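> Residue numbers (UniProt numbering): 1 to 175.
We put the CB at the ideal spot given by N, CA and C, even for glycine.
What you are looking at is a predicted structure, and each value in this text was computed from that prediction instead of being measured.
Provided herewith is a single structure, encoded as structure tokens, for subsequent inquiry.
This is the structure:
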């Protein structure tokens with residue numbers, strides 16, 4: 001089984017980085033530019049739980065499959081060993097916490113705000129993304145959505161950076 005740690009680890013890392021890069025910098029942007037706003041929102045609403053679950057879970061797979069090198073500790077023991085706390089444990093923890101924060105906290109708040117905007121659109125007779133002026137309530141909801149979305153995006157970017165940082169550490173171990 002220990003001979004499979006390395007391959008599982010590399011596959012888990014590649015999946016994590018690939019999913020993050022694709023969703024954050026390719027798929028999300030192309031969908032936003034291509035789809036009408038309601039369809040884009042519906043797509044993201046279905047993708048985000050999957051994305052953030054992967055972003056939360058794959059670092060755990062990386063910790064479980066962490067391959068020790070030449071007699072050093074592997075798996076969780078290697079991840080939490082003193083020599084790896086900054087280079088391995090920290091980025092994997094940041095990625096997991098980022099994914100969980102977005103999955104369990106920010107996504108529900110963003111979805112609630114989007115529903116409130118849809119309700120306000122029916123009252124105002126105007127879409128939230130139409131040109132101003134907007135009602136005071138819609139202006140407040142748009143501002144709230146922008147803040148939540150911005151914080152969520154920054155948290156996700158932090159996770160991507162942590163994933164890249166871990167990739168540098170992992171790549172440095174390849175001989």
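So which of 39, 66 and 166 has the shortest CA-CA distance to residue 9?
Here residue 9 refers to the residue found at position 9 when the chain shown is read from its first residue. Looking at the Cα atoms, 66 is the closest of the given residues.
> Does DSSP put residue 134 in a helix, a strand or coil?
Position 134 of the chain shown, counted from the first residue, corresponds to residue 134. Residue 134: coil per DSSP, three-state reduction.
> So, do the stretch 164 to 171 and the stretch 122 to 139 have three or more beta carbon pairs nearer to each other than 8 Å?
no
> In three-state DSSP terms, what is residue 65?
Taking the chain shown and counting its residues from 1, the one referred to as residue 65 is at position 65. The answer is coil: DSSP assigns residue 65 none of H, G, I, E or B.
> Between the stretch 82 to 102 and the stretch 153 to 160, can you find at least three pairs of beta-carbon atoms closer than 8 Å?
yes
> Do residue 17 and residue 31 come within 8 Å of each other at the CB atom, strictly closer than that value?
Taking the chain shown and counting its residues from 1, one reaches residue 31 at position 31. Taking the chain shown and counting its residues from 1, one reaches residue 17 at position 17. With respect to residue 17, residue 31 sits apart: the two C-beta atoms are not nearer than 8 Å.
> With residue 203 and residue 110 assumed to form a contact (beta carbons below 8 Å), what rounded beta-carbon distance in angstroms separates them?
One cannot answer for residue 203 here, as it falls past the ends of the chain, which runs 1 to 175.
> List the endpoints of the continuous alpha helix (DSSP H) containing residue 122.
Taking the first residue of the chain shown as 1, we reach residue 122 at position 122. Note, residue 122: alpha helix (DSSP H), 107 to 124.
> Measure from the alpha carbon of residue 41 to the alpha carbon of each residue in 166, 112 and 134, then state which is nearest.
By 1-based counting over the chain shown, the position of residue 41 is 41. That would be 112, whose Cα lies nearest to the Cα of residue 41.
> For residue 163, count neighbouring Cβ atoms within 10 angstroms of its own Cβ and tell me buried if that reaches 16, exposed if not.
Position 163 of the chain shown holds residue 163. Residue 163 is buried by the Cβ-count criterion.
> By alpha-carbon positions, which one of 91, 3 and 50 ends up nearest to residue 166?
For the purposes of this step, residue 166 is identified with residue 166 of the chain shown, where counting begins at 1. The residue with the shortest Cα to Cα distance from residue 166 is 91.
> I'd like to know whether the C-beta atoms of residue 54 and residue 19 end up nearer to each other than 8 Å.
Taking the chain shown and counting its residues from 1, the one referred to as residue 54 is at position 54. Taking the chain shown and counting its residues from 1, the one referred to as residue 19 is at position 19. In this structure, residue 19 lies closer than 8 Å to residue 54 by Cβ.
> Do you know whose CA, among 114, 75 and 151, lies nearest residue 3's CA?
Here residue 3 corresponds to residue number 3 of the chain shown, with the count starting at 1. Considering only alpha carbons, the answer is 75.
> Cβ atoms of residue 47 and residue 23: under 8 Å apart, would you say?
As a first step, residue 23 must be located in the chain shown, where it is residue number 23. As a first step, residue 47 must be located in the chain shown, where it is residue number 47. In contact: residue 23 and residue 47 (Cβ atoms closer than 8 Å).
> For a test of the three-state rule: what should DSSP assign to residue 7, helix, strand or coil?
Numbered from its first residue, the chain shown carries residue 7 at position 7. Three-state DSSP puts residue 7 in a helix.
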